[in-house]
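Chemist: Supplied in structure tokens, the structure appears directly below.
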DNA sequence: AAGATATTTTAACTTTATTTAACAGGTTGT
DNA sequence: ACAACCTGTTAAATAAAGTTAAAATATCTT
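Residue numbers (our numbering), protein chains in the order written: chain A, 35 to 260; chain B, 35 to 260.
So, in structure tokens, the structure goes:
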């Protein structure tokens, strides 16, 4: 059973979410401020944290940083007020895996939780993360992309981008999302830089024609492969 | 076509919603109390239930429990008066997927229905969605339209539009609906842009004369093919 | 710390996708 | 029949993405 730490100071929304998650078979626990959340986190073995950004005592971003110091791979999703762009940027640099802006539908939240569990499952047990992409195998940890017995070492950025693409295989990886996660800021120049890396990755992966890094105009990229 | 069971005792609201959903191409059926709803559910093959919580004879929550006993994965959305916190909580433990508080906008409801349908039926269909259109085959995931051994890569917008047309094959695809889904806004200019794409698609599909993208004046388009 | 090397960003230019504009027909209701 | 609005088509303008190479940073080595 997936254990979720939910930190939300709005009591109405908090208990609502908590009940909903329980009904959906998650083992959800509610904290109503940052300190309480930190204490619960320290004493519990959670699989995922759902943190409101604006909370009394300790805000969600600071809390996420502390959580990440303890467990660098703990999945974190931020709940944030609509379009608080600045918060989102800071959230990513604090190690968020995703964010969702209020108001959101329960379905949307559930979808994101599931997507993250899908992506982190496996890497949670410290097992080496390996992606099979057509005839290639990719090891994000060592940044090695191999094809048969030929192995090629990727640079940091190449590897980070390929890893995001892989973890979103067959679904769209949004430009903004990738830019915030890898470049920490989604300005024009970073976007162009990302384009350059897409070209590089396409070159590395070109020997299997069933692999495509598809551009979704105005949105992002989609890695397509079996 | 998605079949929706709508249970709502307020007759005005009920028929309004029902008509609206039909206009949006859902196969909606209206029940005006809990018992009627239960009977209809038992005799029909619904894809989604939209239940008012306060209803005569059997309330929505009890009804949801019964429905869930029969079909554990039936998506349920509750309609509830604002601030009936307790109802909502209870609703979730009865297995609701989402809830929407009255008064709500039609668009909001539509959005949530779509979110749920995306999750429940998308999870199986996303695998390898392929449409056969006359002598053509269309792969939305890779955006490839093929005719025999000739394959042509569509652009994002072309593909999204063709996909919507295919998923509504031989039924009307409403302009507004398509505009909101693909362009996110249905203003004049986007509508003209859509016209341009219709022209493009017609060009691509012209080699099979049994295929027609028919305009339904003032409403939208209908893709006709075997 | 200087020089060599690898990596990342910026720039310039090319190509492609999408939107807007312009004009020509259609459809509908009065 | 006519006014108002909707649709079809083509071409131009704008915006986004693709590619390559040079410039700027960062990293490594001695």
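Note that beta-carbon positions come from the ideal geometry of N, C-alpha and C, so glycine has one too.
Are at least three pairs of beta-carbons, each pair with one atom in the stretch 178 to 196 of chain A and one in the stretch 96 to 114 of chain A, less than 8 Å apart?
Modeler: No, they do not touch.
Chemist: If the cut is a Cβ gap below 8 Å, which residues of chain A does residue 129 of chain B touch?
Modeler: What you label residue 129 of chain B is simply residue 95 of the second chain in a count that begins at 1. Those within 8 Å of residue 129 of chain B in chain A are 57.
Chemist: Which residue wins for smallest C-alpha separation from residue 152 of chain A, given the options A/81, A/213, A/190?
Modeler: Taking the first chain and counting its residues from 1, the one referred to as residue 152 of chain A is at position 118. Considering only alpha carbons, the answer is A/81.
Chemist: Could you check what DSSP says for residue 91 of chain A in three-state terms: helix, strand or coil?
Modeler: Taking the first chain and counting its residues from 1, the one referred to as residue 91 of chain A is at position 57. Of the three classes helix, strand and coil, the one that applies to residue 91 of chain A here is coil, per DSSP.
Chemist: At a Cβ threshold of 8 Å, is residue 146 of chain B touching chain A?
Modeler: As a working mapping, residue 146 of chain B is identified with position 112 in the second chain. Output row for residue 146 of chain B: interface = yes.
Chemist: Residue ranges of each beta strand (DSSP E) run of no fewer than 3 residues wholly in the stretch 196 to 258 of chain B, ordered along the chain?
Modeler: List check, beta strand (DSSP E) in window: 206 to 208, 246 to 250, 254 to 258.
Chemist: Would you say residue 251 of chain A lies against chain B (beta-carbon separation less than 8 Å)?
Modeler: Position 217 of the first chain holds residue 251 of chain A. Closer than 8 Å to some Cβ of chain B, the Cβ of residue 251 of chain A qualifies, so yes.
Chemist: Quick one: which chain A residues come within Cβ less than 7 Å of residue 196 of chain B?
Modeler: Translated into positions along the second chain, residue 196 of chain B becomes position 162. Simply none; closest approach about 15 Å.
Chemist: Please report the straight-line C-alpha distance between residue 99 of chain B and residue 78 of chain B, rounded to a whole angstrom.
Modeler: Along the second chain, one-based indexing puts residue 99 of chain B at 65. Along the second chain, one-based indexing puts residue 78 of chain B at 44. Whole-angstrom Cα-Cα distance: 17 Å.
Chemist: What would DSSP say about residue 42 of chain A, mapped onto helix, strand or coil?
Modeler: Stepping through the first chain from its first residue, residue 42 of chain A is reached at position 8. It is coil, neither helix nor strand.
Chemist: With three or more beta-carbon pairs closer than 8 Å as the criterion, would you say the stretch 89 to 104 of chain B touches the stretch 63 to 79 of chain B?
Modeler: Contact holds: three or more Cβ-Cβ distances are below 8 Å.
Chemist: Quick check on DSSP: helix, strand or coil for residue 193 of chain B?
Modeler: Here residue 193 of chain B is taken as the residue at index 159 of the second chain, counted from 1. Three-state DSSP puts residue 193 of chain B in a helix.
Chemist: What does the Cβ neighbour count give for residue 137 of chain B, buried or exposed, with the cut at 16 atoms within 10 Å?
Modeler: Numbered from 1 along the second chain, position 103 holds the residue referred to as residue 137 of chain B. Label assigned to residue 137 of chain B: exposed.
Chemist: Buried or exposed for residue 62 of chain A, please, with buried defined as at least 16 other CB atoms from any protein chain shown within 10 angstroms of its CB.
Modeler: Taking the first residue of the first chain as 1, we reach residue 62 of chain A at position 28. Classification of residue 62 of chain A: buried, given that the 10 Å Cβ count is 16 or more.
Chemist: Indicate whether at least one CB of chain B lies closer than 8 Å to the CB of residue 159 of chain A.
Modeler: For the purposes of this step, residue 159 of chain A is identified with residue 125 of the first chain, where counting begins at 1. Its pLDDT being 44, under 50, residue 159 of chain A is placed unreliably in this model, and the value from its coordinates should be taken loosely. No, because no Cβ of chain B sits closer than 8 Å to the Cβ of residue 159 of chain A.
Chemist: Applying a beta-carbon distance threshold of less than 8 Å, which residues of chain A neighbour residue 233 of chain B?
Modeler: For the purposes of this step, residue 233 of chain B is taken as residue 199 along the second chain, with counting starting at 1. Within chain A, no residue comes near residue 233 of chain B; the closest Cβ sits about 18 Å away, beyond 8 Å.
Chemist: Along the chain, where does the alpha helix (DSSP H) that runs through residue 130 of chain B open and close?
Modeler: Numbered from 1 along the second chain, position 96 holds the residue referred to as residue 130 of chain B. Looking at the DSSP string, residue 130 of chain B is not in any alpha helix (DSSP H), and its letter there is neither H nor E.
Chemist: Does DSSP put residue 58 of chain B in a helix, a strand or coil?
Modeler: As a working note, residue 58 of chain B is residue 24 in the second chain. Looking at residue 58 of chain B - three-state DSSP - the assignment turns out to be coil, as it is neither helix nor strand.
Chemist: Return the chain-ordered list of same chain residues with a C-beta closer than 6 Å to the C-beta of residue 160 of chain B, the five sequence neighbours on each side being excluded.
Modeler: The residue labelled residue 160 of chain B in the question sits at position 126 within the second chain. Only weak support is given to the placement of residue 160 of chain B: the predicted model assigns it a pLDDT of 41, under 50, and the question is left unresolved by the model.
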